[in-house]
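Beneath this line is the structure, given in structure tokens, with notes to follow.
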Amino acid sequence: MIITIISDVLGQENNGTTIATMNFIRSLKQKGYEVRVVCPDQDKKGLPGYYVVKTYNLGRFLNRYVEKNGVSLAKANKKVLYEAIKDADAVHIIMPFSLGRAAARIAKKLDKPITAGFHCQAENFTSHIFMMNFGLANNVAYRIFYHNVYKYCDCIHYPSQFIRDTFEKIVGKTNGYVISNGVNRDFVKVDIDKPEELNDKFVILFIGRYSKEKSHPVLIKGVKKSKYENRIQLIFAGTGPQKEKLEKLSQGLTNKPIMKFYSRKELIKVINYSDLYVHPAEVEIEAIACLEAIACGLVPIISNSKRSATRYFAISEKNLFNCNDSDDLARKIDYWIEHPEEKRKMSNEYLGYTKKFDYDNCMNGMEMMILDAIKRKSS
Numbered sequence: 046m047i048i049t050i051i052s053d054v055l056g057q058e059n060n061g062t063t064i065a066t067m068n069f070i071r072s073l074k075q076k077g078y079e080v081r082v083v084c085p086d087q088d089k090k091g092l093p094g095y096y097v098v099k100t101y102n103l104g105r106f107l108n109r110y111v112e113k114n115g116v117s118l119a120k121a122n123k124k125v126l127y128e129a130i131k132d133a134d135a136v137h138i139i140m141p142f143s144l145g146r147a148a149a150r151i152a153k154k155l156d157k158p159i160t161a162g163f164h165c166q167a168e169n170f171t172s173h174i175f176m177m178n179f180g181l182a183n184n185v186a187y188r189i190f191y192h193n194v195y196k197y198c199d200c201i202h203y204p205s206q207f208i209r210d211t212f213e214k215i216v217g218k219t220n221g222y223v224i225s226n227g228v229n230r231d232f233v234k235v236d237i238d239k240p241e242e243l244n245d246k247f248v249i250l251f252i253g254r255y256s257k258e259k260s261h262p263v264l265i266k267g268v269k270k271s272k273y274e275n276r277i278q279l280i281f282a283g284t285g286p287q288k289e290k291l292e293k294l295s296q297g298l299t300n301k302p303i304m305k306f307y308s309r310k311e312l313i314k315v316i317n318y319s320d321l322y323v324h325p326a327e328v329e330i331e332a333i334a335c336l337e338a339i340a341c342g343l344v345p346i347i348s349n350s351k352r353s354a355t356r357y358f359a360i361s362e363k364n365l366f367n368c369n370d371s372d373d374l375a376r377k378i379d380y381w382i383e384h385p386e387e388k389r390k391m392s393n394e395y396l397g398y399t400k401k402f403d404y405d406n407c408m409n410g411m412e413m414m415i416l417d418a419i420k421r422k423s424s
């Protein structure tokens, strides 16, 4: 069976969408499917099963802006898309942008079963045009996403019930499947000693792209207001366009934040020697990074933002802080520093929490969604 995956964004596995996409590709291949991938990742050119398209040339200034923000704007090539889709048994679209839109229309004309993932929150798009907090702009973005791709779909994959409810409130009922992107089985609790230079530090970790909607500044401000500021070592695991801004905002902290992109193997070590995980993001579809930290037994403090699904990972109110409220975050950080025994108990509670996000079960759910789409089309 041939499954064609269309991805406007694909490249280094340094963001949630690319990681989720590559996990799904690997899972399907392991199950024996022939997988074709249409994407703009030039590093994939020449590899079996990859159909690489060009990206838009937007001019010198806009090209630099796009590159800085890590956004890949794939240019739709109808000939390439047709070749990848014409004899496929199903088509799965990752993003509702130019490549996905063209693929949806071609697949519809060829009467192919179409599924799509929901990996782009409206705010992920509107933040680039400085309209993240304009409700009308976000509603319009969702309607554009629906018109571009989702109206053509037999099945839609939502990584969380939160994003399904958000989208359907605007565009109406869809044939949705709520399936987590899954926590990789490598993320487990292990005994790891802190690096010698961090032995006397209380390490707070946040894993996320350096972008506006991830809200790193509120964490920096919260640490500055903590009673234990001089003991705290922040680690920002990731990369992104806001790096220089965050470095500037961090001036005045006793301990300069460690800002680095880690491989999976390195990240597992960092999680396991950290003392606390803080997820301040205001906008989040699921936040697998938070689940990966929890899977290793790290106790989280999570923003209670109404635009984030991550808040539902909180076991108690002590795992939440008021969105963008650095004073409240500082109080929660101080609480967990002052109550190590309670933190140990909650760590054990969280170890069992992530079983429902088991990677293999989630990948099996994705496979069943594809098969359901094929069945619906043939019936």
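In the working numbering, the protein residues as written are 46 to 424. In this text, a Cβ means the ideal position worked out from N, Cα and C, and glycines have one as well.
Where residue i falls, given that 16 or more other Cβ within 10 Å makes a residue buried
| i | result |
| --- | --- |
| arginine 230 | exposed |
| phenylalanine 163 | buried |
| aspartate 86 | buried |
| histidine 384 | exposed |
| serine 72 | buried |
| aspartate 210 | exposed |
| leucine 107 | At leucine 107 the pLDDT is 49, less than 50, meaning the model places this residue with poor confidence; the figure from the coordinates comes in the next sentence. When all chains shown are included, leucine 107 counts as exposed. |
| threonine 399 | buried |
| phenylalanine 180 | Residue 180 is actually glycine in this sequence, not phenylalanine. The residue in question, glycine 180, is exposed, as its Cβ has fewer than 16 Cβ neighbours within 10 Å. |
| lysine 74 | exposed |
| glutamine 206 | exposed |
| glycine 253 | buried |
Spatial neighbours of residue i in its chain, beta-carbon cut-off 6 Å, leaving aside the 5 residues before and after
| i | result |
| --- | --- |
| tryptophan 381 | Leu321, Lys388 |
| valine 323 | Ile249, Phe251, Leu264, Ile346 |
| cysteine 165 | Met140 |
| methionine 177 | Glu168, Thr171 |
Within 7 Å, strictly: CB atoms of residue i and residue j
| i | j | result |
| --- | --- | --- |
| aspartate 53 | alanine 119 | yes |
| serine 295 | isoleucine 378 | no |
| leucine 427 | glycine 221 | Because the chain spans 46 through 424 in this model, residue 427 falls outside it and cannot be assessed. |
| glycine 91 | valine 80 | no |
| lysine 149 | tyrosine 101 | Residue identity check: residue 149 is alanine in the sequence provided, not lysine. No, the pair does not count as a contact, with Cβ atoms beyond the cut-off. |
Given residue i as reference, the closest of the options once Cα atoms are compared
| i | options | result |
| --- | --- | --- |
| asparagine 317 | Val80, Ser392, Met411 | Ser392 |
| lysine 314 | Tyr96, Ile47, Lys239 | Lys239 |
| asparagine 470 | Asn409, Ile419, Pro93 | Outside the shown range of the chain, which is 46 to 424, sits residue 470, and nothing can be said about it. |
| alanine 152 | Ala338, Phe179, Val194 | Val194 |
| lysine 301 | Ile265, Tyr127, His324, Cys335 | Ile265 |
| asparagine 369 | Ile303, Lys422, Gly217, Pro262 | Pro262 |
| threonine 66 | Leu250, Ala161, Pro93 | Ala161 |
| aspartate 132 | Arg146, Lys154, Leu144, Gly145 | Lys154 |
| lysine 76 | Ile277, Leu416, Ile333 | Leu416 |
| serine 423 | Pro204, Leu92, Ala135 | Ala135 |
| isoleucine 130 | Tyr96, Val344, Ser361, Thr284 | Tyr96 |
| isoleucine 70 | Tyr395, Leu396, His192, Ile50 | Ile50 |
| isoleucine 48 | Gly217, His137, Pro204 | His137 |
| serine 319 | Ala147, Met46, Phe281 | Phe281 |
7 Å CB neighbourhood of residue i in its chain, flanking five on each side removed
| i | result |
| --- | --- |
| alanine 186 | Ala167, Phe170, Thr171 |
| phenylalanine 212 | Phe163, Tyr187 |
| threonine 299 | Glu274, Asn275 |
Cutoff 8 Å; reference residue i; Cβ partners in own chain excluding five residues on either side
| i | result |
| --- | --- |
| cysteine 341 | Phe232, Val233, Lys234, Val235, Ile313, Ile316, Asn317 |
| methionine 414 | Thr160, Cys200, His202, Tyr222, Ile224 |
| isoleucine 419 | Asp134, Ala135, Pro158 |
Within 8 Å, do at least three Cβ pairs link the region 251-264 to the region 317-328? The region 317-328 is in contact with the region 251-264.
Given 8 Å as the limit, is there contact between the region 47-64 and the region 172-190, that is, 3 or more CB pairs closer than that? Taking 8 Å as the limit for Cβ pairs, the verdict is that the region 172-190 does not touch the region 47-64.
Any 3 or more C-beta pairs closer than 8 Å across the region 219-226 and the region 399-415: The region 219-226, when compared against the region 399-415, does touch it at the 8 Å Cβ threshold.
Can you find at least 3 beta carbon pairs, one from the region 238-250 and one from the region 348-358, that sit closer than 8 Å? By the Cβ rule, the region 238-250 does not count as touching the region 348-358, because fewer than three pairs are nearer than 8 Å.
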